[in-house]
Amino acid sequence: YALLALAVDLVWGYCGVLSLGHGAFFTLGGYAMGMYLMRQIGDRGVYGNPDLPDFMVFLNWTEIPWFWAGSSSAIWMVVMVFLGPGLLAFIFGTLAFRSRVSGVYLSIMTQAMTYALMLAFFRNEMGFGGNNGLTDFKEIFSFSLQNPSTKLALFVATAIALAIGYAISHFIVSSKMGRVITATRDAESRVRFVGYKPEHYKVWIFVVSAMLAGLAGALYVPQVGIINPGEFSPLNSIEMVVWVAIGGRCTLYGAIIGAIVVSYAKTRFTAIMPEAWLFALGGLFVLVTLLLPKGIAGLLPNIFDKLSMFNSGPTTSKEEAPYHVGSKKELE
């Protein structure tokens with residue numbers, strides 16, 4: 668989730684594009700991983716068919732669909748984790764940004780995109796498991812997913828991916844291209860006036876963000892053991908935006924903090940009052956927006972400054988030493 672929040676902050680915080688459809692990129696990356704994991708089951712499935720996943724046997728399919736070809740290869744999986752979300756983002760971004768769609772209209776379009784994909788993937792004819800999705804995974808790269816060492820390795824891989832994603836994002840926003848992207852967010856017409864084409868930069872950053880979201884989805888699936896169309900839900904995409912808003916936009920690390928804090932709160936809150944979680948999340952979002960416009964990350968500099976002042980104590984130089992009543996300086 669932290670990597671996913673990082674992707675959202677990259678496109679929203681720095682580019683100014685409020686995407687309510689990043690759940691689509693996340694889920695597509697998850698399905699690419701899920702397809703690979705399904706093919707690794709082999710004849711250990713319920714029906715014992717070495718060539719077809721269980722849901723295809725249940726639906727009386729006799730051969731694997733063409734878009735599943737190559738899904739048993741780890742290289743294919745890695746390519747599709749990035750290619751699927753990246754290609755969708757490129758097509759959508761090119762059409763939207765070249766048409767100069769922005770603001771709430773763009774947000775609605777991204778939400779419509781992920782909702783349409785959710786409805787499509789719910790259909791059994793699509794070949795992705797329908798309502799049940801893909802599950803019952805056995806192993807990844809020949810290592811059992813039930814083995815504690817495999818779970819630890821996946822956790823470490825996720826942490827490494829987060830670090831790499833942060834480094835890439837920081838490099839982008841710190842570069843000349845990053846300054847153009849930020850300028851596009853603040854004054855797109857001026858950027859266009861001086862000779863740049865903002866739509867090209869928007870498409871590029873949108874694609875990079877989508878790829879990061881796809882990677883997050885791919886790492887998510889083997890750890891939770893399932894991927895289904897419910898992950899396309901627009902509510903999930905909205906929650907991703909809330910992570911970034913609460914953590915702090917345009918900071919990168921704030922998005923990570925927000926994802927961790929909100930996810931932890933969700934885990935605790937839904938265990939006690941699951942039906943009230945959405946109300947609590949909405950209330951938290953409103954409070955942070957009103958009281959902490961810069962999010963949690965906006966508080967950190969002030970906290971660190973106060974701690975450093977407390978630890979160092981008051982420092983006064985000889986020239987800055989206060990004069991008491993009756994001192995020579997005061998009399999002069």
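Residue numbers (this note's numbering): 668 to 999. All C-beta atoms in this analysis are idealised placements derived from N, C-alpha and C, irrespective of residue type, glycine included.
Nearest-angstrom Cβ-Cβ length linking residue i and residue j, presumed shorter than 8 Å
i: MET878; j: PHE749; result: 5 Å
i: ARG693; j: GLU898; result: Checking the sequence, you will find Phe at residue 693 rather than Arg. Right, the Cβ-Cβ distance comes to about 7 Å (below 8 Å), so this counts as a contact.
i: TRP944; j: LYS961; result: The Cβ separation is near 25 Å, so there is no contact.
i: ILE894; j: GLY753; result: Not really, about 18 Å apart at Cβ, beyond 8 Å.
i: ILE807; j: LEU704; result: 6 Å
i: GLY796; j: PHE860; result: Contact doesn't hold; Cβ gap of about 50 Å is too wide.
Sub-8 Å separation of residue i and residue j beta-carbons
i: ARG765; j: GLU866; result: yes
i: ALA926; j: ALA669; result: yes
i: LEU919; j: SER836; result: yes
i: VAL870; j: ILE839; result: no
i: GLY949; j: LEU695; result: no
i: PHE776; j: ALA787; result: One point to set straight first is that residue 776 is Met, not Phe, in the sequence displayed. Contact: no.
i: PHE873; j: GLY794; result: no
i: ARG711; j: SER738; result: no
i: GLY697; j: TYR887; result: yes
i: ASN798; j: PRO717; result: no
i: LEU687; j: SER904; result: yes
i: LEU829; j: PRO889; result: no
i: TRP910; j: ALA672; result: yes
i: ILE831; j: TYR681; result: no
i: ASN814; j: LEU726; result: no
i: LEU959; j: LEU966; result: yes
i: LYS818; j: ILE708; result: no
i: LEU759; j: MET780; result: Note that residue 759 is Phe in the sequence shown, not Leu. Closer than 8 Å, so yes.
i: ALA1035; j: ASP676; result: Residue 1035 cannot be examined here, being either before or after the span of the chain that is shown, 668 to 999.
Continuous alpha helix (DSSP H) stretch holding residue i: start and end
i: GLN890; result: 865-891
i: ARG935; result: 920-939
i: LEU945; result: 944-958
i: LEU673; result: 669-676
i: PRO752; result: 741-765
i: LYS818; result: 815-841
i: GLU906; result: 901-914
i: VAL858; result: 855-860
i: PHE725; result: 721-725
i: GLY701; result: 689-706
i: SER774; result: 770-788
Candidates the options, of which the one nearest residue i by Cα
i: THR956; options: ALA912, ILE924, ASN895, TYR920; result: ALA912
i: VAL713; options: THR802, ILE827, GLY881; result: THR802
i: ALA691; options: ARG916, MET907, ILE924, GLN813; result: MET907
i: HIS689; options: LEU882, ASN791, TYR931, SER842; result: LEU882
i: ILE963; options: THR937, MET940, ILE924, PHE946; result: ILE924
i: VAL928; options: ILE939, MET940, GLY915; result: GLY915
i: PHE747; options: LEU677, ALA699, SER809; result: Note that residue 747 is Met in the sequence shown here, rather than Phe. Per the Cα distances, ALA699.
i: GLY683; options: LEU704, LEU773, LEU959; result: LEU773
i: PRO732; options: VAL745, MET744, GLY751, MET702; result: MET702
i: VAL1004; options: MET940, LEU821, LYS864, GLN778; result: Absent from the model: residue 1004. The displayed extent of the chain is 668 to 999, so no value can be given.
i: GLU855; options: THR937, ILE939, SER842, ARG767; result: ARG767
i: GLY770; options: ARG846, ASP853, SER809; result: ASP853
i: SER740; options: LEU685, SER809, GLN778, PHE757; result: SER809
i: SER842; options: ALA824, TYR868, ARG857; result: TYR868
i: ALA880; options: ILE742, ILE939, GLY751, LEU719; result: GLY751
i: ARG846; options: ALA736, CYS917, THR937, VAL724; result: CYS917
i: PHE789; options: SER900, THR825, ALA938, ILE939; result: SER900
i: TYR782; options: LEU902, LEU954, THR937; result: LEU902
The ligand MN heavy atom lying under 7 Å from the CB of residue i
i: ILE835; result: Ligands displayed in this structure: none; no statement on the ligand MN is therefore possible.
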